[in-house]
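Q: Quick one: structure below, then a few questions.
Number of protein chains: 4
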Amino acid sequence: MDEFEVETVAEVDLDEPVLVEGLPGVGHVGKLAAEHLLDELDGEVVRRVHSEHLPPQVGVAEDGVADLAAVEFHAVPTDGSDLLVLTGDNQAQSNRGHYRLTETFLDVADAFGVTEVYALGGVPTGEFIEDYDVLGAATETALVDALADAGVEFREDEPAGGVVGVSGLLLGLGGRRGFGAACLMGETSGYLVDPKSARAVLDVLEELLGVATDFADLEERAEEMEEVINRIREMESDSMDLPTDDDLRYFG
Amino acid sequence: MDEFEVETVAEVDLDEPVLVEGLPGVGHVGKLAAEHLLDELDGEVVRRVHSEHLPPQVGVAEDGVADLAAVEFHAVPTDGSDLLVLTGDNQAQSNRGHYRLTETFLDVADAFGVTEVYALGGVPTGEFIEDYDVLGAATETALVDALADAGVEFREDEPAGGVVGVSGLLLGLGGRRGFGAACLMGETSGYLVDPKSARAVLDVLEELLGVATDFADLEERAEEMEEVINRIREMESDSMDLPTDDDLRYFG
Amino acid sequence: MDEFEVETVAEVDLDEPVLVEGLPGVGHVGKLAAEHLLDELDGEVVRRVHSEHLPPQVGVAEDGVADLAAVEFHAVPTDGSDLLVLTGDNQAQSNRGHYRLTETFLDVADAFGVTEVYALGGVPTGEFIEDYDVLGAATETALVDALADAGVEFREDEPAGGVVGVSGLLLGLGGRRGFGAACLMGETSGYLVDPKSARAVLDVLEELLGVATDFADLEERAEEMEEVINRIREMESDSMDLPTDDDLRYFG
Amino acid sequence: MDEFEVETVAEVDLDEPVLVEGLPGVGHVGKLAAEHLLDELDGEVVRRVHSEHLPPQVGVAEDGVADLAAVEFHAVPTDGSDLLVLTGDNQAQSNRGHYRLTETFLDVADAFGVTEVYALGGVPTGEFIEDYDVLGAATETALVDALADAGVEFREDEPAGGVVGVSGLLLGLGGRRGFGAACLMGETSGYLVDPKSARAVLDVLEELLGVATDFADLEERAEEMEEVINRIREMESDSMDLPTDDDLRYFG
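Residue numbers (this note's numbering), protein chains in the order written: chain A, 1 to 252; chain B, 1001 to 1252; chain C, 2001 to 2252; chain D, 3001 to 3252.
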C-alpha cells in the first residue's frame, strides 16, 4: 500500500455537491451528525480512503469480515444541495498525518466538483448544558455572515486554541485552495456522546443546505443519553464530586 | 541498513504453505502458539527480517552472541498443510511501521506461494476465565463459515475496537492483495502469559490445517501459570482487591 | 501543501535587517518581547510560513475567519537597525520539525540580507524573582563580549541543558551558515506569562539595536501579573504549599 | 543541514584504531569511561556528527559560545591499540534515529580503518552494590571467549531485554557489516552517576587494549558519590523507604 489509497467504490454523478465532514471527535458530534444524514437520506459509498496515517487496524463487521481502517465518502443526492458526506471510525494518528490526509480529502472533493465545505464537530464546555449553541468559523467573511444569519454564534476567543485536526485543516488548507469552508461546532460537555449537540449542528446545516430530515432517531438517542446524565448527576449529588474522566470514558 | 532487510537464511521448497503469524501480544497467546508449532514440528529459519521499524536493540543469546532485532519465517513441512511460521521477539514500534512491516511480510509470503494466512493472538477479557473461547475474523464470508465450523466464535461488536497491529493488518492489507486471511484470537485475562489460551487457538488451527501435535509441554506450562493464578486469587481474597497492573506486569 | 510553504505577503525593502525571533516559550518572554516591538514600531507582515511541522490547526480571528497555523515575518524599519521580526502562535511539533523549520527561517532571513540574529526567550528559575537578569549565548566570542557590555550575564553551566528549540537552533544552525547569532534569555519563574522578563530582554536588545520604544503597555501588563503573583503568594502562605503546576497552568 | 553532517575537524593518521563508544546512558557509565580515556590520554576531536536525529538544542560553553548538538570522534594514539573514541552529550531521539545514527557512526569508523568496536555502558541492578561485575555481549564466539578471559561475565538472560540504543546497534548492525564488536556493561544501581562502575568497565577494556591510565580522578569522583549514597542510606533507614526516582533524579 502507498501512503494513501483512494478506492473507487462507485461512480455517481452529483450536482456541485457540498462536502460535509463528520469524523470522530469531541462528543462524537460531527460523526453523529454525518451518520444521521446517511441514515435519513439515500446515499452510497463512492470513495474509500486507506492510509498508513490511519490506525494499523481492522474493524470486524457483523458477518465476521474484517475491514481495513478507512474513511469513506458517501454520495447523497437531495432535493436541496447534493452532498458528499465524509465519515468513518478513524482519525489521522499524527500531526503530519492530519495535514496529508486533509489534502487527500480535498483532492477527492475537488474531483467531485465541490466548492463548499462544512466541517462538523463539537466544542467542549466542561459541564452539562441545557441550551446547545453552535459556534462557527469560516474561510471568508461572507460565509461568516451567512452562518450568523442561520443562528451560528461567533464569539471572541472561542473556541479557545482554535480548531484542531481535519476539521480545522479543511478550513486552513481548503481556504488556501479556494474552497469556501465553514466549521459548525456544537457545544457539548465533552464527557459523553452527545446527540443533542449533533441535532443543534444539523438544524443549522440543514437550513443552510435546504435539506430536511426526520430527527426521531436522534431524539430517541438523546433521551437515552439524558438518562445517563441524570444518573451521573445523582451520583454527583451523592458524592458531591464531579465524575472523573475515568468514570465517564466508557460512555464517550 | 535499508528500511527493511530480508535475509535469506535457507532455501526450502514448501508446497503451497500456509502462513501462521504469532508475534508478541496480549497474553503472548500468538507467540506461544507459534513457538509450540516450532517446538513440536521439524522446521528451520528461512528468512529473517530486520527493519528500522523494529526496536533499536539486540538480544543476547545464551552463548553471549548478540542478535539484531528481527522477526523470522520458519519453514515447517507437515503431513497436513506445509507451514510458514512467522514469529519473533519484536513488534513494529509505530503505526506506520505496522503498515510497512506487514506489507513486507506479505511480500515474503507471496514469494513462497502462500495464499492462506492465519494470524494468531489473544483477546483480553479483563478477568481470569475457565473456558477459553476463540474469537475470529476473516477476509471473506467463506472463510468465516469454515472457522465457525471449526468452533470459532463470531460475536457482534467483538473484539471491541477491532484487531490492531500486524495481526489485524494481515487481514486488512492481505485481503486487498487477494490472500485469504483469518485471525484466531484466544480469550485470555490479559494479565498473564496464557498457555491455555494458546492451546485453545492451536486446537482450532490444527483442525483447520490437518496437523496434530503433542501438547504435554504446553499443558505443563499451563499448570505452572495456574499456580500463579491461584496465588493471585488468594492474595485477592485476602485483600479483597483485584491485583493491579503493577502486581502483574512481571508475569506478562 | 508541501512540507513548507513560504507565502510572500508583501515586498518591502529593508536595510541589512536584524532578525529578531520571539516564538512562544517559557514565560512567553520571547513572544511578549517580539509583540511589543510590533505594537510600538510601524511594521507589516512580509512572509508567512506554513508547514506540516506546525500543529494541524487553525486559529479563529475576531471576525470569525480561520487562519492556518503559521509563523510570520514582519518588516520593521526603525531609526536604528531595520528589523525582521519573527513571531507567531506556534512552535514545531517534533525534533525534526525544529531543525527543518529553523533552516527555513534562516533561508527567509538570508533572502532579506540578514547577517545578525537575536533569539529572544526565557530561562526558568523555578521561583518568583525580583531582579530580572538576562542570560546570553552567542555564536562567537566577539558577540559574547558585545552582549556582556550591554549587561547580559554569562554564567557557567547556565542555562542548564543548553538552549532548546528554534531559539537554540538559530544559533546552532545559524552559526554554521555564517550568521552572527545571539540568544537573550530573561530569567522568569517559569510559572506565569512574564512581561517584566520581556522588558528586561528588550532593555538589552534595544541598546544593542539603537532602538527605543515606550514601555507603558508592558508595564501595565506587568502590574496585572504582579497582582496575580501576590494572590498566589497569599494562597501559599495560607496553605504553606507551593502552587502546583495545575494551579498555575491557566496563567502560563 | 542534511539528515546527517559529518564535519572533518582534523586529519589524523591512526594505526588500525579500535572504536570505543561511550554515550550517555544508565549511570552514565559509558560516558564516564570514554571521558576518562580522553582526560588521561592525549587525543583530539577528528570528526563531529550533527543530525536532525539529535535533540534540537545547543550547549553553551564556558565562554558563552553555543555549540550545536553533536557527537564527536576523538583520535587517541596510545602505546597499545590506537583508539577512536566516540562520545558526546546526546543520544538519538527516536528508534529510527538510533538505527540511522549508528550506521553513520560505523561509516566514520570504517573510513578510519576500524575493525574492532567496544560499546561501553551500564546495566541497572536496581540496588546499590559493592562488587561491580561487568557483563558482556559480542558479535562472535571468539570475542566472547576473549572477553570471558578478561573477567567479563556472561549470564543467561542478562541483560534482560537485551541491549538497546546505539550500544546495542553497534553490535547488531556492526556485526552485519563485518566489524568485531563487543559490549561491556558495568553493573550499576541505575540511580546515580557511577564512577565505580565506569572503573570496572575500564579495567576490562584497558586489559583488552593494552592501555593503562591513572585512575586517581575517577576514584576521587567515586568517593564523592559514595558520600551521596551514604546520605541516601541514612535517609532510607530513617524513613524505611527506598528513595524514589524523584529524590534521585538530580544525581543521575
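Idealized CB from N, CA, C, for every residue including glycine. Predicted, not measured: the structure shown is a model, and the values here were computed from it.
(1) Is it true that the CB of G27(A) sits closer than 8 Å to the CB of V2060(C)?
(2) Helix or strand or just coil, what does DSSP make of F3251(D)?
(3) Is it the case that the stretch 2117–2130 of chain C contacts the stretch 2026–2044 of chain C, given that we only count it when at least three CB pairs across the two stretches are under 8 Å?
(4) In this structure, does DSSP put V1008(B) in helix, strand or coil?
(5) Does the beta-carbon of S2237(C) have 16 or more other beta-carbons within 10 angstroms, so that it is buried, or is it exposed?
(6) Could you check what DSSP says for H1098(B) in three-state terms: helix, strand or coil?
(7) Report the rounded CA-to-CA distance for A3181(D) versus L1014(B), giving the unit in angstroms.
(8) Under 8 Å, do H1074(B) and L1038(B) count as touching if we go by C-beta distance?
(9) What residue range does the alpha helix (DSSP H) around P195(A) cover?
(10) Less than 8 Å separating the beta-carbons of R176(A) and L2054(C)?
(11) Could you tell me the alpha carbon to alpha carbon distance between E2127(C) and E2234(C), rounded to whole angstroms?
(12) On the three-state DSSP scale, how would you describe A1160(B)?
(13) Less than 8 Å between CB atoms is the rule here; does P1195(B) satisfy it with respect to chain A?
(14) To the nearest angstrom, report how far apart I1129(B) and R231(A) are at their CA atoms.
(15) CB E1052(B) to CB Y3099(D), shorter than 8 Å?
(16) Let me know the secondary structure DSSP gives V3152(D) once reduced to three states.
(17) Hey, quick one: how far does the beta strand (DSSP E) through R1048(B) stretch, first residue to last?
(18) Scan the stretch 46–63 of chain A for residues whose Cβ lies nearer than 7 Å to a Cβ of chain B and list them as they occur along the chain.
(19) Do you know whose CA, among A212(A), L202(A), L208(A) and V193(A), lies nearest E226(A)'s CA?
(20) Between the Cα of L2101(C) and those of G2165(C), A2222(C) and V2065(C), spot the shortest distance and give me the residue it belongs to.
(21) Less than 8 Å separating the beta-carbons of L1086(B) and E1021(B)?
(22) Flag this pair as yes or no: are the beta carbons of E16(A) and G80(A) separated by less than 8 Å?
(23) From the beta carbon of V3029(D), is the nearest beta carbon of chain B less than 8 Å away?
(24) Any contact of the stretch 2044–2051 of chain C with the stretch 2197–2210 of chain C, i.e. 3+ C-beta pairs under 8 Å?
(25) Report the three-state DSSP secondary structure of D214(A) (helix, strand or coil).
(26) Let's see if you can read the secondary structure: which residues bound the beta strand (DSSP E) around L3019(D)?
(27) Quick one: is the Cβ of V2228(C) within less than 7 Å of any heavy atom of the ligand PLP?
(28) Applying the criterion that 16 or more other CB atoms from any shown protein chain within 10 Å of the CB defines a buried residue, is A111(A) buried or exposed?
(29) So, using beta-carbon positions, are V2117(C) and L2019(C) closer together than 8 Å?
(30) Counting only Cβ pairs nearer than 9 Å, list the residues of chain A close to P1124(B).
(31) Please identify, using Cβ separations under 8 Å, the residues of the stretch 3119–3144 of chain D that lie next to chain B, in order along the chain.
(32) From D2063(C), V2065(C) and V2071(C), pick the residue whose C-alpha is nearest to that of R2048(C); which is it?
(33) Which residues does DSSP pair with G132(A) in a beta bridge?
(34) Could you please tell me which residues of the stretch 65–77 of chain A, in chain order, have their CB closer than 8 Å to any CB of chain B?
(35) Taking any Cβ of chain B, which residues in the stretch 222–233 of chain A have a Cβ under 9 Å from it, in chain order?
(36) Can you list, in chain order, the residues of its chain with a C-beta nearer than 7 Å to that of D158(A)? Leave out the 5 residues immediately preceding and following it.
A: Checking against the coordinates, here is how it stands:
(1) Not in contact: V2060(C) and G27(A) (Cβ atoms no closer than 8 Å).
(2) Confidence is the limiting factor: at F3251(D) the pLDDT is only 39, short of 50, which leaves the residue's position unreliable, though a coordinate-based value still follows. Three-state DSSP puts F3251(D) in coil, outside helix and strand.
(3) The stretch 2026–2044 of chain C, when compared against the stretch 2117–2130 of chain C, does touch it at the 8 Å Cβ threshold.
(4) Note that residue 1008(B) is Thr in the sequence shown, not Val. Correct three-state label for T1008(B): strand.
(5) It is exposed - the Cβ of S2237(C) has fewer than 16 other Cβ atoms within 10 Å.
(6) Note: H1098(B) maps to helix in three-state DSSP.
(7) Spanning the two alpha carbons is a distance of roughly 36 Å.
(8) For H1074(B) and L1038(B), yes; Cβs fall inside 8 Å.
(9) Unbroken alpha helix (DSSP H) run through P195(A): P195 to L209.
(10) R176(A) is not a Cβ neighbour of L2054(C), given a cutoff of 8 Å.
(11) Going by the C-alpha atoms only, they are around 15 Å apart.
(12) Looking at A1160(B) - three-state DSSP - the assignment turns out to be coil, as it is neither helix nor strand.
(13) By this cut-off, P1195(B) is not an interface position.
(14) The C-alpha of R231(A) is placed about 31 Å away from the C-alpha of I1129(B).
(15) Remark: C-beta atoms of E1052(B) and Y3099(D) approach each other more closely than 8 Å.
(16) DSSP places V3152(D) in coil when its eight states are reduced to three.
(17) Residue range E1044 to S1051 is occupied by the beta strand (DSSP E) that includes R1048(B).
(18) For the stretch 46–63 of chain A, the residues whose beta carbon sits under 7 Å from a beta carbon of chain B are, in order, E52, P55, P56, Q57, V58, G59, V60, E62 and D63.
(19) Nearest C-alpha to E226(A): V193(A).
(20) That would be G2165(C), whose Cα lies nearest to the Cα of L2101(C).
(21) Yes.
(22) When the beta-carbon positions are compared, E16(A) and G80(A) stay at least 8 Å from each other.
(23) Not one chain B Cβ lies under 8 Å of V3029(D).
(24) No: fewer than three Cβ pairs fall under 8 Å.
(25) In the structure shown, D214(A) sits in coil (DSSP, three-state: anything other than H, G, I, E or B).
(26) Run containing L3019(D): V3018 to G3022, per the beta strand (DSSP E) assignment.
(27) Here there are no bound small molecules, and the ligand PLP is not part of this structure.
(28) With fewer than 16 Cβ atoms within 10 Å of its Cβ, A111(A) is classed as exposed.
(29) Yes.
(30) Going along chain A, no residue has its Cβ under 9 Å from P1124(B), so there is no contact; the nearest lies around 15 Å.
(31) For the stretch 3119–3144 of chain D, which is checked against every Cβ of chain B, the residues closer than 8 Å are G3136, A3137, A3138, T3139, E3140, T3141 and V3144.
(32) With respect to the C-alpha of R2048(C), the residue from D2063(C), V2065(C) and V2071(C) having the closest C-alpha is V2071(C).
(33) The sequence as given places Tyr at residue 132(A); Gly does not occur at that position. None, per the DSSP bridge assignment.
(34) Listed by position, the residues of the stretch 65–77 of chain A near chain B (Cβ gap below 8 Å) are V65, A66, D67, L68 and A69.
(35) Going along the stretch 222–233 of chain A in chain order, one finds no residue with a Cβ nearer than 9 Å to chain B.
(36) According to the sequence displayed, residue 158(A) carries Glu and not Asp. Counting only Cβ-Cβ distances below 7 Å, and skipping sequence neighbours, we find L135.
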